[in-house]
Structures are given as C-alpha cells and as structure tokens.
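Student: Take this structure first; my questions come after.
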Amino acid sequence: MSEPEYRPGLADVPVAESSISFIDGRRARLEYRGIAVETLARESTFEETSWLLLKGELPTQKELAVFDSQLKEHRRLKYKLVDMIKCMPESGHPMAALQAAVAGLGMFYPARDVTNSKTNWESVIRLIAKLPTIVAAFHRLRHGDDAIPPREDLSHAANFYWMLFGREPSTAVARVLDACLVLHAEHQMNASTFSARVTGSTLADPYSVVAAAVGTLSGPLHGGANEEVLDMLEEIGEPAKAAGWLEHAVATKKKIMGMGHRVYKVKDPRATVLQELAEHVFAESGKPARYDLALQLESAAVKILGPKGIYPNVDFFSGIIYEALGIPRDLFTPIFAIARVTGWLSHWLEQLRNNRIFRPEQIFTGVNDKPYLPIDQRP
Ligand code: COA
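Here's what the structure looks like:
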C-alpha cells in the first residue's frame, strides 16, 4: 500500500464538513451562515451574530430578546472564581489567565454529559457571557483595582468596556467594539477552531473545549499576531522608514506580522472593514501616527509581497483600533477570544451532531527494532 501524502499544516486537507462559515480567499469573501461578514459588521450586533452562528438562522425578535437577557443574566462570576483570578500572578499573560479561569469554570458548572442538549446550551450561554468578565476582572485585579461587576443594561461590547474602565463607552466606541467582535466571531477551520473540534471530538466538556482553543489562539502565528503588529510598528518608528524596513525584513526572511494568510490571497475582507472602523475611532480620538505608518507599510507590502498573495490580514488594523480605544496591548488576543468563543462553540455543537474522534495518521521517520543497551555499555 502506498504511503498517504503528508501535507504539512494540513494545508488543503478537509478535516470536517461544516455549514458555519465560508471563505473564498481569492474574492475576499467571508460569510457567516451565508451572510457576508461586512453586512453583519455594519447591520448586526455581536449578540445577534452569535445566535446566527450557533443556530444557523437569524433570530426572531423574541429569540433575540431571550438570548440577550440570558447572556446578561450569566455575566457574573462566582466569588470563588474571582478569588482564583486574584491568586494569579499579575505578571502572567491575560491569555494564560483566561485559559486557566475557563478551565476553572468547568469545575463550578459540571457539564460532562455532552449528550444533554439543555446543559450544552446552558454552557454556551455561560461561556459567551462570562469570558469578558474574566478578562476584565484579571486586568483590574492585576493592577490592584477592584473588579467591576457587569451591568445588565449594556450590550455585550459596551459592558466589557465598562468592566475594563469603569466608564461607559460613547455610542461610536461601543459600535466599533461590537463590530470588532462580529468580525472576529468565526473564521472556518483555523487552528483554534480545529483545536476546539479535536477536543470536542473526545466528548470532553465545553469548558475544556474552550480552554484548549484559548491556548491555541494565544500563539503569535494565530491570535497573538495583533500584539506583534504594534511591536513591529514601534520598531519601524516612522512612516518614512516603512519601505526600507520592509525590504530588509523580506531580504532576511522575516515574517511581517499582520500580513499573509493561509486562505486569503488578497486583502482580508475583515481588514478592509476594520480600516473603515478605524476611521470612525480616529474621528473621536484623533488619528495616531501609527496609522499613517501602517498605511505606508501596507503600500510597500502590496508591491513587494502582493505578487506572492500576501496582504494585510485581520490583525493588521485591529491592534491599532484597540490601542486608540486605550486598551492595553496584552488584552488584544483575549478580546479575540471573547469574540471567537461563539465560533468555537458553534463548531463544537456541529462536531457533536456527527462526531467521530479525531485520530489522524503520521509518517514514521524513526528507526525500528533497536536493541536496548544497558547504561554501562552505551558509547
Ligand atoms: N511576511 C513575509 N512573508 C510571508 C508572510 C509574512 N507575513 N506570510 C507568508 N509569507 C511567505 C513565507 O515566507 C513563504 O515564503 P516562501 O514560499 O518563499 O518560503 C510563503 O509566504 C508561504 O508562507 P507560509 O508561512 O508557508 O504560509 P502559511 O499559510 O503556512 O502561513 C500565516 C500563514 C498566517 C501563519 C503566515 O502568513 C504568517 O506567519 N503571517 C504572520 C502572522 C500573522 O499575521 N498571523 C495572523 C493570521 S490571521
């Protein structure tokens, strides 16, 4: 029998059948359940988009009202979980705090019977509702401030901002933050979603599924890239240096953060919408020098890397927006997780409906039948 073909990174290998989202990487098209993501970012809300992703259809008014009130009702954290977060080292990365706290949630809300659709839905609500509270609580507690309890009169996005800063966002800022959540909510079979599906395929509980996905998202080749974009822009310094810096980086085979994508070979449609949103934020906060620098870098990259199909991805502009909103850099990836949890859970539910445990093959490159040499005879 011939050896199966090995595709590093599982590139182009389907690992599931899914009806959740669709990408056409050459036409810059991303759809959630058939609806263009640009339309959802402009017309919908994170709450409504979450229902769409989880259930497959847009909600009715009544369905949305119930879902929204359930999310609001479950925002609070048990005091023991807050105590657990208080004990975490303040120098630790918020993604590590989030991963640990999500795993901890699973101890407070046992949900090990994943054949029970009622508890599964309750877990979905709890996870989406509580992730922002965990992130905001860790951020405040690490600075010695008290955690701010969630409010039930604010949207998901506005309440997160409230818990972070203790002040309400303006309508424009709340809208931008909400649209950022919509744009990050789902993206087909990316690494963290695959991780969620692999963990879900073992019939692990949903808290373990999300904790696994959070860990996968934390890497710089995935969610961590938006933090690194700002480090990179800082290193470049000023717009006039962008082209020279890029030429040198490409010549020395350096990866440009926030550029390139396994699927998109044109500019990521989410990057285009984020750029529009950035303009709204800057109308309030003033245009940061970093934005001009990013635009210079983008136009240099289009010439040098464009022919290879490497263009800005979603992370290129998201960090600049978050920074303009006053959000600390190490919270960028946790915000990605607050949004993507909806996608992970949609895939988890889909995986459970037609589950088979993931157990891929390998190409063995080691040796066989090696004798065991006693330690005194080894060279
Ligand atoms: N900067 C410079 N070159 C890049 C690049 C980037 N950001 N992304 C890809 N390339 C080049 C690679 O060097 C490689 O060139 P080669 O064929 O000459 O060796 C080629 O394009 C293919 O890259 P590869 O890393 O194999 O693509 P991939 O599909 O495995 O990786 C990413 C996709 C996203 C991991 C990759 O583009 C990347 O590391 N980007 C930066 C991190 C980032 O922004 N991640 C967020 C994704 S939303």
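Residue numbers (my numbering): 691 to 1069.
Where a beta carbon is used, it is the ideal one built from N, C-alpha and C, also for glycine.
1) Alpha carbon to alpha carbon, what distance is there between residue 897 and residue 813?
2) May I ask you to check if the CB of residue 947 is nearer than 6 Å to at least one heavy atom of the ligand COA?
3) Considering only residues of the stretch 891-933, which uninterrupted alpha helix (DSSP H) runs meet the minimum length of 4 residues and lie entirely inside it, listed in chain order?
4) Residues in its own chain within less than 8 Å of residue 972 by CB, not counting five upstream and five downstream?
5) What is the DSSP secondary structure of residue 816, counted as helix, strand or coil?
6) With distances taken from CA atoms, which of 704, 703, 748, 706 is nearest residue 722?
7) Please report the distance separating the alpha-carbon of residue 796 from that of residue 817.
8) Going by CA-CA distance only, name the one from 922, 928, 702, 850 that's closest to residue 947.
9) Please report the residue range of the beta strand (DSSP E) in which residue 721 lies.
10) Would residue 932 be called buried (16 or more neighbouring beta carbons within 10 Å of its own) or exposed?
11) Please confirm whether any heavy atom of the ligand COA lies closer than 6 Å to the CB of residue 951.
12) Can you list, in chain order, the residues of its chain whose CB lies under 6 Å from that of residue 955, leaving out five sequence neighbours each side?
13) Cα separation between residue 882 and residue 753?
14) Taking the straight line between their C-alpha atoms, what separation do you get for residue 1053 and residue 1064?
15) Between the C-alpha atoms of residue 772 and residue 798, what's the straight-line distance to the nearest angstrom?
16) Bridge partners for residue 711 per DSSP, in chain order?
17) If you follow the alpha helix (DSSP H) that residue 671 is part of, which residue opens it and which one closes it?
18) Mapping the DSSP letters down to three states, classify residue 822 as helix, strand or coil.
19) Taking C-alpha atoms, which residue in 1045, 970, 929, 958 lies nearest to residue 990?
20) Which stretch, first to last residue, makes up the alpha helix (DSSP H) that contains residue 944?
21) Given residue 825, which residues of its chain have a CB within under 7 Å of its CB, disregarding the five upstream and five downstream residues?
22) Should residue 946 be counted as a contact of the ligand FMN given a C-beta to heavy atom distance under 6 Å?
23) To which residues of the same chain is residue 836 closer than 8 Å at the C-beta, ignoring the five residues directly before and after it?
24) Is residue 849 a contact residue of the ligand COA, with contact defined as CB to any heavy atom under 6 Å?
Tutor: On the basis of the coordinates in this document:
1) 8 Å
2) yes
3) 896-907, 915-926
4) 978, 981, 1014
5) helix
6) 748
7) 10 Å
8) 922
9) 719-722
10) buried
11) yes
12) 715, 716, 999
13) 29 Å
14) 29 Å
15) 12 Å
16) 722
17) There is no way to answer for residue 671, as the model of the chain reaches only from 691 to 1069.
18) helix
19) 929
20) Element bounds for residue 944: n/a, residue is neither H nor E.
21) 784, 788, 1021, 1024, 1028
22) The ligand FMN is absent from the structure shown, which contains only the ligand COA.
23) 830
24) no
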